[in-house]
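If you're matching positions, the sequence shown starts at 980 in this note's numbering and goes up one per residue.
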Amino acid sequence: MTVELIIVIAAYLVGSIPTGLLLARLMGGVDIRTTGSGNIGATNVSRTLGWKVGVLTLLGDCLKGVVPVLVARHFGVTEGWLALTAFAAFAGHVYTVFLRFKGGKGVATALGVFLALSPLSVAGAVVIFALMLWKWRYVSLGSITAAAAMPLLVALIDRRGLIFLMSIAIATIVIWKHRENISRLKSGTESKFKG
């Protein structure tokens, strides 16, 4: 087995660690899958257990994207293996092997992936997210819009073909995972951010 393949498998397993579920059990004694939206991500954890646990979840999920990419870079893998490692970490969070391939929506782990790959693209996406949240008060709308913008930002700023293709795949999955939010946004029943 090659070093590159080991890194990709490890990235998937690291991405699969259900941070929100573990923190909710440890710090709140609850199964986050049975409260609020049922999602294991930072937004649901924050709404259920407070912003401090939500921030810890966000940081943990983000690190699951950052660390594998930095490890892959340390080993000097090619662009293709780097893109595959990044996608594996993201896919691990969204389709975690530890929860029968049901995970979160991937926003925080994608954030970590792109922080390690293209920080200037992340800066642009964060501005877009913040503007959408400020204007309409929907976290989901900010996440969807930032995800949709990320491939364009990567194309303009980073200009690496395989990283760009990987960013399209991640953006597509993030938006797909928000399909219920999109339905609620259309019907006017989506929860607004109250911070």
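For every residue, glycine included, the Cβ atom is placed at its ideal position computed from N, Cα and C. Computed from a predicted structure; not experimentally measured.
> So K1171 and Y1117 are in contact, right, with Cβ under 8 Å, and what is the actual spacing, rounded?
Replying inline: 6 Å
>> Using C-beta distances below 7 Å, list every residue in its chain close to K1042, excluding the 5 sequence neighbours before and after it, in chain order.
In response: The identity of residue 1042 in the sequence shown is Leu, whereas the question assumes Lys. So the list reads G1091, once near-sequence residues are dropped.
>> Can you list, in chain order, the residues of its chain with a C-beta nearer than 6 Å to that of P1047? Leave out the 5 residues immediately preceding and following it.
In response: A990, V993, T1064, A1068
>> Please state whether the Cβ-Cβ distance between Y1074 and F1066 is less than 8 Å.
In response: no
> DSSP state of E1169, grouped into three classes?
Replying inline: coil
>> Just to confirm the assignment, what range does the alpha helix (DSSP H) spanning T1013 have?
In response: Premise fails: T1013 is in no alpha helix (DSSP H) and is neither H nor E.
>> If you reduce the DSSP assignment to three classes, tell me which class N1084 lands in.
In response: Reading off the sequence, residue 1084 comes out as Lys, not Asn. In this structure, K1084 counts as coil in the three-state DSSP scheme.
>> With a threshold of 8 Å, are at least 3 pairs of Cβ atoms found where one atom belongs to the stretch 1098-1106 and the other to the stretch 1114-1131?
In response: yes
> Run through DSSP, which three-state label would Y991 get?
Replying inline: helix
> For N1160, which of helix, strand or coil comes out of DSSP?
Replying inline: helix
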